[in-house]
Amino acid sequence: MTKAPIHETLRIGGETPDRVERIEVSNPWDNSVVGTVPCATREDVAQAFDIAAAYTPTLTRYERQQILMRTAEILTSRRDEISDLITAELGISKQDSLYEVGRAFDVFSLAGQLCIIDDGEIFSCDLTPHGKQRRIYTQRDPLKAISAITPFNHPMNMVAHKVAPAIATNNCMVCKPTELTPLTALALADVLYEAGLPPEMLSVVTGLPGDIGEEMITNDHIELITFTGGVAVGKHIANHAGYRRTVLELGGNSSLIVMEDADLEKAAAMAVQGAT
């Protein structure tokens, strides 16, 4: 039985505003409409970053770990439902979408394990003739706001790889998933809120790159931009990021060398796997 289309809203600091202009999300396998999401405006994105920058996370390492672990547990308990959504908006097989949920489970579980490790360091100062017999202690503090932009090909795992480390380090993030597969990112955000994440720490804005893309890389509150996608867009971000830190995972050619004595059937299967 075909499911009714999902009509989603934005997630901005605990609020769920809607917009008249909407984007249809279609299953690339049969072109059926899976759902719709709002076309966020530049003002929506600016509001999300205002909320992120104004909020001071106070979660302890233990509390962050519990949120991350609960998220992993919820994903596992709802893997059939979530994988159905991934299959619907991405057009991949059920086997592949279940694997996608499993990878997200791994990411949140590992982030939960790592977040309780003390990231401070102690350095001795008596290492030179002019050194003093004292020690320096360093600690890592959260950034003001992180901007995350994710692609279509792994709509849950790519978001998880950006959100989980941010939570583990007590950072606030605004995420813009691709307009091709945004429903999974919104579903993941709801799971995180259910797991106990303060909504001010994660906003999800949906929309077209031409409408909100520049605000996602030039907003004054942004101190780090993390982007996964094409080389051209990555270069554009690098050219306009200014003082902001960037983490750019850009596209590759998935090159493959096939030797004369290789199993051609296996090589062909690997080539397809590497390119998708």
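Each residue of the sequence shown is one higher than the one before, starting from 112 at the first, in this note's numbering.
Ideal Cβ placement from N, Cα and C applies to all residues, glycine included.
Cut-off 7 Å between Cβ atoms - residues of its own chain near His118, not counting five sequence neighbours on either side: As a first step, residue 118 is located in the sequence shown; it is residue number 7 there, counting from the start. Contacts found: Gly146, Thr147.
Taking C-alpha atoms, which residue in Leu254, Pro253, Ala306, His272 lies nearest to Pro262? Start at 1 with the first residue of the sequence shown, and residue 262 comes out as number 151. That would be His272, whose Cα lies nearest to the Cα of Pro262.
N- and C-terminal bounds of the beta strand (DSSP E) containing Ile336: Position 225 of the sequence shown, counted from the first residue, corresponds to residue 336. That run of the beta strand (DSSP E) goes 335–340.
Determine the DSSP secondary structure at Tyr248, reduced to helix, strand or coil. Counted from its first residue, the sequence shown places residue 248 at position 137. Correct three-state label for Tyr248: strand.
Cβ-Cβ distance between Gly362 and Val342 below 8 Å: For the purposes of this step, residue 362 is taken as residue 251 along the sequence shown, with counting starting at 1. For the purposes of this step, residue 342 is taken as residue 231 along the sequence shown, with counting starting at 1. Contact flag set, yes.
Can you tell me which of Ala379, Leu303, Asp322, Ala349 puts its alpha carbon nearest to the alpha carbon of Arg175? Working through the sequence shown from its first residue, we reach residue 175 at position 64. Taking only the C-alpha atoms, the option nearest Arg175 is Leu303.
Roughly how many whole angstroms lie between the Cα atoms of Glu334 and Ala300? Locating residue 334 in the sequence shown gives position 223, where the first residue counts as 1. Locating residue 300 in the sequence shown gives position 189, where the first residue counts as 1. Each residue's Cα considered, the two are about 22 Å apart.
Determine the contact status of Val131 and Ser137, defining contact as a CB-CB distance below 8 Å. Locating residue 131 in the sequence shown gives position 20, counting from the first residue. Locating residue 137 in the sequence shown gives position 26, counting from the first residue. No, the pair does not count as a contact, with Cβ atoms beyond the cut-off.
Spell out the partners DSSP gives Glu232 in its beta bridges. Translated into positions along the sequence shown, residue 232 becomes position 121. Thr249.
Would Pro240 be called buried (16 or more neighbouring beta carbons within 10 Å of its own) or exposed? The count along the sequence shown starts at 1 and reaches residue 240 at position 129. Exposed.
Alpha carbon to alpha carbon, what distance is there between Asp374 and Ile336? As a working mapping, residue 336 is identified with position 225 in the sequence shown. As a working mapping, residue 374 is identified with position 263 in the sequence shown. Answer to the nearest angstrom: the Cα atoms are 42 Å apart.
Express the C-alpha separation of Thr120 and Met381 in angstroms, rounding to a whole number. Within the sequence shown, the letter at position 270 stands for residue 381. Within the sequence shown, the letter at position 9 stands for residue 120. Their Cα atoms are separated by approximately 39 Å.
Put Arg181 into one of helix, strand or coil per three-state DSSP. Residue 181 sits at position 70 when you count from the first residue of the sequence shown. The answer is helix: DSSP assigns Arg181 an H, G or I state.
Using 8 Å as the cut-off, can you tell me whether the region 190–201 makes contact with the region 275–289, which would need three or more C-beta pairs spanning the two stretches below that distance? no
Within the same chain, show all residues whose beta-carbon is closer than 6 Å to that of Thr127, passing over the 5 residues directly before and after it, in chain order. To locate residue 127, count along the sequence shown from 1; it is residue 16. Excluding sequence neighbours, Thr127 sits near Thr120.
Would you call the region 269–285 in contact with the region 217–234, where contact means no fewer than 3 C-beta pairs closer than 8 Å? yes
On the CB-based measure, 16 or more other CB atoms within 10 Å of its CB, does Gly353 come out buried or exposed? Sequence index remark: in the sequence shown, residue 353 carries index 242 (1-based). By the neighbour-count rule (16 or more Cβ atoms within 10 Å), Gly353 is not buried but exposed.
Measure the C-alpha to C-alpha separation of Met112 and Ile203 and round it to an integer number of angstroms. What you label residue 112 is simply residue 1 of the sequence shown in a count that begins at 1. What you label residue 203 is simply residue 92 of the sequence shown in a count that begins at 1. Annotation note: pLDDT 41 at Met112 (below 50); position unreliable, no value reported.
Leu254 to Arg246, Cα distance in whole Å? Taking the first residue of the sequence shown as 1, we reach residue 254 at position 143. Taking the first residue of the sequence shown as 1, we reach residue 246 at position 135. Going from the Cα of Leu254 to the Cα of Arg246 covers about 25 Å.
Between which two residues does the beta strand (DSSP E) carrying Ser208 extend? Within the sequence shown, the letter at position 97 stands for residue 208. Not the beta strand (DSSP E): Ser208 falls in the alpha helix (DSSP H), residues 205–225.
Going residue by residue through the region 245–291, where are the continuous beta strand (DSSP E) segments of at least 3 residues, counting only ones entirely within it? 246–249, 257–261, 284–288
May I have the straight-line CA-CA distance separating Ala256 from Ala164, to the nearest angstrom? Within the sequence shown, residue 256 is the residue found at index 145, counting from 1. Within the sequence shown, residue 164 is the residue found at index 53, counting from 1. Using only the alpha carbons, I get a separation of about 6 Å.
What is the residue span of the alpha helix (DSSP H) that Thr295 lies within? For the purposes of this step, residue 295 is taken as residue 184 along the sequence shown, with counting starting at 1. Residues 294–305.
Return the chain-ordered list of same chain residues with a C-beta closer than 7 Å to the C-beta of Gly124, the five sequence neighbours on each side being excluded. As a working mapping, residue 124 is identified with position 13 in the sequence shown. Excluding residues within five positions, the ones whose Cβ falls inside 7 Å are Ala159, Ile162, Pro310, Glu311, Ser314.
Which residue's Cα is closest to the Cα of Cys236: Tyr248, Lys346, Asn142, Thr329? By one-based count along the sequence shown, residue 236 stands at place 125. Comparing Cα-Cα distances from Cys236 to each of Tyr248, Lys346, Asn142, Thr329, the minimum goes to Tyr248.
Host beta strand (DSSP E) of Val145 (start-end): In the sequence shown, counting from the first residue as 1, residue 145 sits at position 34. Per DSSP, Val145 belongs to the beta strand (DSSP E) from 144–149.
Please report the Cβ distance between Arg190 and Val212, rounded to the nearest whole angstrom; I am assuming they are in contact, meaning their Cβ atoms lie under 8 Å. Translated into the one-based positions of the sequence shown, residue 190 becomes position 79. Translated into the one-based positions of the sequence shown, residue 212 becomes position 101. Indeed they touch by this definition, with Cβ atoms about 5 Å apart.
Going by the CB atoms, is the gap between Ile328 and Ile348 shorter than 8 Å? Stepping through the sequence shown from its first residue, residue 348 is reached at position 237. Stepping through the sequence shown from its first residue, residue 328 is reached at position 217. Yes; because the gap between Cβ atoms is below 8 Å, this pair is in contact.
In this structure, how does DSSP classify Glu192 when only helix, strand and coil are distinguished? Position 81 of the sequence shown, counting from 1, holds the residue named residue 192. Glu192: helix per DSSP, three-state reduction.
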